[in-house]
Structure formats: structure tokens, C-alpha cells
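The opening residue of the sequence shown carries number 1241 in the working numbering; numbering runs sequentially from there. Think of the CB as a built atom: it goes at the ideal place given N, C-alpha and C, for glycine as much as any other residue. I have placed the structure first, in the form of C-alpha cells, so that the comments after it can refer back to it.
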Amino acid sequence: MASEDFSAPFTLYAATYSICAIMVMMTYEMRGKPREGRPEMKLERKFIDIGLPAREQLSEFYLLKVNPKGTVPVLVNEKLLEKPIAESVDISYYIADWYPSLLPPQHEQVIKELINELHGISYKLLTFGTKTKYPNLNHDWLLEQAKRTDISEEYRKALEYKAELTKDWADNHSEEDLAVNETRTRNFCAKILALMEKRPEEKDRFTYIFGPEPTVLDAHTVVFFGRVYEKERLDLLPSPLVKWHEHIRNTDLWKRAVPVGTTLPPMW
1241 MASEDFSAPF TLYAATYSIC AIMVMMTYEM RGKPREGRPE MKLERKFIDI
1291 GLPAREQLSE FYLLKVNPKG TVPVLVNEKL LEKPIAESVD ISYYIADWYP
1341 SLLPPQHEQV IKELINELHG ISYKLLTFGT KTKYPNLNHD WLLEQAKRTD
1391 ISEEYRKALE YKAELTKDWA DNHSEEDLAV NETRTRNFCA KILALMEKRP
1441 EEKDRFTYIF GPEPTVLDAH TVVFFGRVYE KERLDLLPSP LVKWHEHIRN
1491 TDLWKRAVPV GTTLPPMW
């Protein structure tokens, strides 16, 4: 049974170029003041190498003890959490519960609707395109590892489960799939721009999507825009959103949330 020892530190498993992990880190950096009666959340970042050939997210420890889906981010706290939280949106909402300004009640519905829409876009496809061999490489590697005779039965089953999850990406990165996700990106951008146009006018002052205070939607959106920007897909980003992103990109906020300054991983 988890306790309510709010001083207990959290561990965030992350990866340097994981867009979803960076979204969580940006959420934390935009956090504001904690809920009344709670201290600051202590968050320790533990970076793992999810690239080739390391694949630390597919290790026996990680698949059996941290996240059977073999992905980052994951939030762990044995004193406060019944089990690790293994989805970036769920982690972000947990942080927002601790820091209420991230999810103001008057904007909660639209924030959650747009967060869901944003995470319906394939970041992998926009990043790696249709020619990447990465998903097939990982799928084949998992199947080969599962054939080993020197591993536990629990690890074998975990590898087979992860292989099934990986197959979905391997089977869904056609030109048609890419076009669908480009359209989803343009539609999302149009909705963000429409929200910004409704903001109270703040002359000579930078504002976030809803006004002067950032929300979890700002955190996830600015990181997503960063990935599109770094891929030089400015055809997908309206000019005002490019300028908005560039403003945040040039702040200490970006430096604290984005470990190496870019969300874009090395290409395979």
C-alpha cells in the first residue's frame, strides 16, 4: 500500500531524445507552485540508452521491473505510487495534480481533448519517415533474443510481448500513413493557433496558449513543435507558432527540459 510521504523522491526513467520523456520534463519545468500542503516534488532523472545497440529499455531488469512495454518515460516512487506510471500523459497529469496551475479547471476539458489529439499523431513516423529500418531491426532483434536458451522464461515472455508491440510500427509506416499524420499535425496546429487568438492581449509580454501561465498543453505542444521544427518541416507549422516555439527554445526553460538542446535523435 502506497503511503503519503510526499517528501519521498520520484525517479523518472527517461531517454535523451525521447520526445515523450521530454514532454514530461517540460511539464515539470513549467510546474508553478505546489498544491497547498505539499512540498516541492523531488524528481530525479535516470537516463537510459534506448538506441542501437544498447537497447537498455529492453533489458531483463527494465521489462520485468520497470515497464513491460519497454518504453520511456516511466515515473517510479515506491512510497507514493502503487505501481510505476508508464505513459507520458498520465505522468504529466500526476504532476499537474501536484501543481494545479498546469491544469486549470476552466481549461481542463479543452486541454485534455487536445492532449489526446496530439498523442494521436505518430511522432515516430514524422521523425523517421517511411524508409527507416529501425522498427524492423528492433522487432527482429526481440524475436532473436526470445530464442536464447540462457534467459529466464519470464524474460522470454516479456521479449515476445514487446515484439508484438513493435510489430505495429513496423507494419504502419507507409506514405499513406505519413500523409495522415501530416494532416493531423496541421489540424492540431490550427486549433492551437485559434486558442492563442482568443488570449487577452498582452502587449510586449510573451504569453502561453491560454495566457501568462503555462499549462500541461503548453509543455507537450512546445516539445512537439520542437521535433517538427528540428526536422525542418516548417510547412506543417504556421509562422506564429514557429515564432512562439523559437521564443521558448531560447530560454533557460528549454535548456532545463531538453538535455542536449534538441529533441531530434540520430537517424538510423
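Distance CB(residue i)-CB(residue j) smaller than 8 Å
i	j	result
V1264	S1328	yes
I1355	V1456	yes
G1272	S1341	yes
Y1253	V1312	yes
F1465	L1474	no
T1367	L1382	no
D1245	K1309	no
P1505	Y1257	yes
I1259	Y1374	no
I1290	A1255	yes
M1270	D1492	no
T1502	E1472	no
E1322	F1428	no
V1500	I1262	no
T1283	Y1302	Checking the sequence, you will find Leu at residue 1283 rather than Thr. Going by C-beta atoms, L1283 is not nearer than 8 Å to Y1302.
Y1448	P1440	no
L1399	L1292	no
Assigned secondary structure, residue i (DSSP; H/G/I helix, E/B strand, else coil)
i	result
W1508	Because the pLDDT of W1508 is 49, which lies under 50, any placement of that residue in the model is unreliable, and the question is left without a value.
E1284	strand
N1307	coil
Y1253	strand
L1343	coil
L1315	strand
I1355	helix
I1325	strand
M1265	helix
F1464	helix
S1258	coil
K1387	coil
T1503	coil
V1498	coil
Assigned exposure category for residue i - 16 Cβ within 10 Å defines buried
i	result
R1467	buried
Q1385	buried
L1365	buried
A1430	exposed
V1498	buried
S1392	exposed
N1307	buried
I1351	buried
T1389	exposed
T1461	buried
L1343	buried
M1241	The predicted model places M1241 with a pLDDT of 46, which falls under 50 and marks its position as unreliable; any figure quoted below should be read in that light. It counts as exposed.
T1423	exposed
Supposed close pair residue i, residue j - CB separation, criterion 8 Å
i	j	result
L1298	K1402	6 Å
I1335	M1281	7 Å
L1418	T1370	6 Å
S1247	P1279	6 Å
H1347	F1250	H1347 to F1250, Cβ: 25 Å. No contact.
H1485	F1446	At roughly 12 Å, the Cβ-Cβ gap does not stay under 8 Å, so H1485 and F1446 are not in contact.
E1296	I1288	4 Å
Length-filtered (4 minimum) alpha helix (DSSP H) runs lying within the segment 1411-1438: Fully contained in the segment 1411-1438 are the following alpha helix (DSSP H) runs of length 4 or more, in chain order: 1415-1437.
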